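Count along the sequence shown starting at 1, add 5, and that's the number in the numbering used here.
Quick reminder that beta carbons are idealized off the backbone N, C-alpha and C, glycines included.
Remember, it's a predicted structure, so these values are computed and weren't measured experimentally.
Input: a single structure, listed below in structure tokens.
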Amino acid sequence: MLDVLVVLPVFVVLLVITLLIAAPHFGPIFPTVSTNQSNGTVPLPGFIWVYVTVFASALVTGLMLLGYETVAVAKYGHTLGMAWLHIRPVHISGAGLSWGRSFGRAAIYWLSWFVGWIGLLDPLWCLWDDRRQCLHDKVVDSIVINDLAEDGAGGASDPA
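Have a look at this one:
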């Protein structure tokens, strides 16, 4: 979840640039029916286009986060947020995750947020699971291990 902080500036910049480009074309935020309009139709409110722009920027940023997590976990074994917390997802056998498993793990976690509050089951599942696996870990046969001793920052294998 800390990796959102890595991508948050990207979202803000993307949103600001998109709004600066598109906002002049939105029309009035709250249009009214003019009595001199012959057909009496009301144009689509501008705030709808603001919502669409924010949603599209969030969707693009989410896809970038999906790609970032896939590449970072497959190539380096962890993302920046995982490295900061000294955790690392690995296959149940102890090997690193392949590109496919990294993508599957990230995609399932990302897609779980589109099903509303039911999506909270995914990250909360590890609280009562025997192996402390979330649902996205169960699907790709991965577990998250404490990587503190391997970083040289101390731990059980430290001779001192």
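> So what does H141 bridge to, in DSSP terms?
Replying inline: Position 136 of the sequence shown, counted from the first residue, corresponds to residue 141. DSSP, once it has assigned bridges, lists no residue as partnering H141.
>> With distance defined between alpha-carbon atoms, name the residue in I150, A28, V21 nearest to G101.
In response: As a first step, residue 101 must be located in the sequence shown, where it is residue number 96. Nearest Cα to G101 within the set I150, A28, V21: I150.
> Do you know how far the Cα of G86 is from the Cα of L7?
Replying inline: Looking up residue 7 in the sequence shown gives position 2. Looking up residue 86 in the sequence shown gives position 81. Each residue's CA atom was taken as its position, placing L7 and G86 some 5 Å apart.
>> Assuming G67 and W115 are in contact, meaning their beta carbons sit under 8 Å apart, how far apart are those beta carbons, in whole angstroms?
In response: Against the sequence shown, residue 67 aligns to sequence position 62. Against the sequence shown, residue 115 aligns to sequence position 110. The Cβ separation is near 6 Å, so the contact holds.
>> Quick check: the Cα distance between H96 and A63, rounded to an integer number of angstroms?
In response: What you label residue 96 is simply residue 91 of the sequence shown in a count that begins at 1. What you label residue 63 is simply residue 58 of the sequence shown in a count that begins at 1. Rounded to whole angstroms, H96 to A63 spans 30 Å at the Cα level.
>> Rounded to whole angstroms, what is the Cα-Cα separation between L125 and F16?
In response: Residue mapping note: residue 125 aligns to position 120 of the sequence shown, counting from 1. Residue mapping note: residue 16 aligns to position 11 of the sequence shown, counting from 1. So the two alpha carbons sit approximately 23 Å from each other.
>> Can you look up R93 in the DSSP assignment and give me helix, strand or coil?
In response: Position 88 of the sequence shown, counted from the first residue, corresponds to residue 93. The answer is strand: DSSP assigns R93 an E or B state.
> Are D1 and R110 closer than 7 Å when you measure CB to CB?
Replying inline: What is shown of the chain runs 6 to 165, which leaves residue 1 out entirely.
>> Assuming Y73 and V12 are in contact, meaning their beta carbons sit under 8 Å apart, how far apart are those beta carbons, in whole angstroms?
In response: Translated into positions along the sequence shown, residue 73 becomes position 68. Translated into positions along the sequence shown, residue 12 becomes position 7. That pair is a contact at about 7 Å.
> With a CB to CB cut of under 8 Å and the five nearest residues on each side skipped, what residues in its chain are close to P48?
Replying inline: Translated into the one-based positions of the sequence shown, residue 48 becomes position 43. So the qualifying residues of the chain are G32, P33, P36.
> So, are the CB atoms of W104 and A79 less than 7 Å apart?
Replying inline: Position 99 of the sequence shown, counted from the first residue, corresponds to residue 104. Position 74 of the sequence shown, counted from the first residue, corresponds to residue 79. Taking 7 Å as the Cβ cut-off, W104 and A79 qualify as a contacting pair.
> Closest to P29 by CA distance: which of W118, W89, G51 is it?
Replying inline: As a working mapping, residue 29 is identified with position 24 in the sequence shown. The shortest Cα separation from P29 among W118, W89, G51 belongs to G51.
> Can you tell me whether DSSP reads I34 as helix, strand or coil?
Replying inline: Translated into the one-based positions of the sequence shown, residue 34 becomes position 29. Residue state, collapsed to three classes: coil.
> Is DSSP giving S147 helix, strand or coil here?
Replying inline: On the sequence shown, position 142 is the one that residue 147 refers to. Strand.
>> Distance check for T84 and V59, CA to CA, integer angstroms please.
In response: As a working note, residue 59 is residue 54 in the sequence shown. As a working note, residue 84 is residue 79 in the sequence shown. Going from the Cα of V59 to the Cα of T84 covers about 26 Å.
> Using CA coordinates, which residue listed in S117, W122, A88 is at the minimum distance from V144?
Replying inline: Position 139 of the sequence shown, counting from 1, holds the residue named residue 144. Out of S117, W122, A88, S117 has the C-alpha closest to the C-alpha of V144.
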